[in-house]
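Count the sequence shown with the numbering used here and you get residues 1 to 159, in order.
Beta carbons: idealized from backbone N, C-alpha and C, even for Gly.
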Amino acid sequence: MQPAPGVGQPARDEIVKPTPDDKILKYNSMFLGTAMFSFGFLKFFEPFRTWFAIQITKSGLPRFSIPMAIAGEMSIGLGLLSAPYLGRCGGSKLYGPIVSAASAALIANMGGATYVHLHPDVPADVLPLKIKPPVIPLLFMSLAAVNLFRLRRDNKRRS
């Protein structure tokens, strides 16, 4: 005698692990969160404060971009770092949206950084690594895209 269909088999939700268990997503988010928060925090101190002000001024961006970029970097970092804890407290449903929003914001933020790097009036000596090619912004954009890809893939598996 065979069991009725579905009896004795694991439920679909038990087969697919929740998003916070994706180690690549978790460690990538922790790295990006730590780096972004640190980059924003460092801009309160010299010489980073002056370098950043020169970058914004020479690139032709409005002056209010300075505090907005700092707040953006720090909140992106906090979002990526707090997602696993908020996901545990509020259920795993919070994890994906927080990481998605922070990763998308990181891509936008690094788009601005790429613009600054490529602007001809911004000198290389006020940029990270003292080089004009936007290596760091493009790397961080790629890592944020990995987060979005993994979240999308995990979401497709669940549906």
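For residue i and residue j, what's the separation of their Cα atoms in angstroms?
i      : j      : result
ILE66  : PHE37  : 15 Å
THR114 : LEU138 : 7 Å
LYS17  : ASP154 : Residue confidence is low: LYS17 scores 38 on pLDDT, short of 50, so the model does not pin down where it sits. No coordinate-derived value is stated.
TYR95  : GLY79  : 10 Å
GLU73  : PHE48  : 14 Å
ALA102 : LEU129 : 25 Å
LEU148 : ALA104 : 8 Å
PRO133 : GLY112 : 14 Å
PRO124 : CYS89  : Inspection of the sequence shows that residue 124 is occupied by Ala rather than by Pro. Distance between the alpha carbons of ALA124 and CYS89 is about 44 Å.
PHE45  : ASP22  : 36 Å
PHE39  : LYS93  : 29 Å
Can the beta-carbon of residue i be found less than 8 Å from the beta-carbon of residue j?
i      : j      : result
ILE98  : LEU86  : yes
VAL116 : SER59  : yes
ALA145 : ILE107 : yes
MET141 : MET110 : yes
With distances taken Cα to Cα, identify the nearest neighbour of residue i among the options.
i      : options                       : result
PRO84  : LEU127, ARG63, LYS58, ASN28   : ASN28
ASP121 : ASP22, PHE45, GLN55           : GLN55
LEU61  : VAL126, LYS43, LEU127, HIS119 : HIS119
Could you check how far apart the C-beta atoms of residue i and residue j are, in whole angstroms? I think they sit under 8 Å.
i      : j      : result
LEU143 : LEU32  : 6 Å
SER100 : LEU151 : 6 Å
For residue i, does the three-state DSSP call read helix, strand or coil?
i      : result
GLU46  : coil
HIS119 : coil
LEU151 : helix
LEU61  : coil
ILE24  : helix
PRO10  : In this prediction, PRO10 scores a pLDDT of 48, lower than 50, which makes its location untrustworthy; no coordinate-derived value is stated.
ALA144 : helix
Nearer than 7 Å: is that true of the beta carbon of residue i relative to any heavy atom of the ligand ATP?
i      : result
PRO123 : Judged by which ligands are present, the structure shown has none, so any question about the ligand ATP falls away.
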